[in-house]
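Residue numbers (my numbering): 3 to 91. Glycine included, C-beta positions come from ideal geometry on N, C-alpha and C. The model shown is predicted, which means the values in this text are computed figures rather than measured ones. Report on the structure given below.
Here it is in structure tokens:
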């Protein structure tokens with residue numbers, strides 16, 4: 003196998019799924035089955051999405067609601083973020 007073919011095969015194996023080409027149901031099923039998934043969400047954007055309940059986030063992060071583009075509209079998912087204290091003093 004040539005070096006170019008090897009690099010192409012490696013890149014294809016590591017390609018992130020693109021949320022824009024998937025249905026929301028498929029996205030949510032993938033996240034549930036894998037616990038956490040890195041998805042491409044635009045030409046130059048990607049992020050890691052997780053199940054709502056589980057321990058996929060590193061402390062002090064927690065699963066927070068997000069919406070990503072899907073083939074059939076915007077899809078509600080969760081990603082790890084630090085909670086923000088917006089309580090008045």
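{"Check": "What does the alpha-carbon distance come out to for the pair residue 74 and residue 58?", "Outcome": "27 Å"}
{"Check": "Quick one: grab the DSSP three-state call for residue 31.", "Outcome": "helix"}
{"Check": "Excluding the 5 residues preceding and the 5 following residue 15 in the sequence, name in chain order all residues of the same chain whose CB lies nearer than 8 Å to its CB.", "Outcome": "Note that residue 15 has pLDDT 46, beneath the 50 cutoff, so the model's placement of it is unreliable and no number is given."}
{"Check": "My parser needs the beta strand (DSSP E) runs of 3 or more residues fully inside the segment 32–65; what are they?", "Outcome": "38–44, 47–52"}
{"Check": "In whole angstroms, give me the CA-to-CA distance for residue 26 and residue 84.", "Outcome": "25 Å"}
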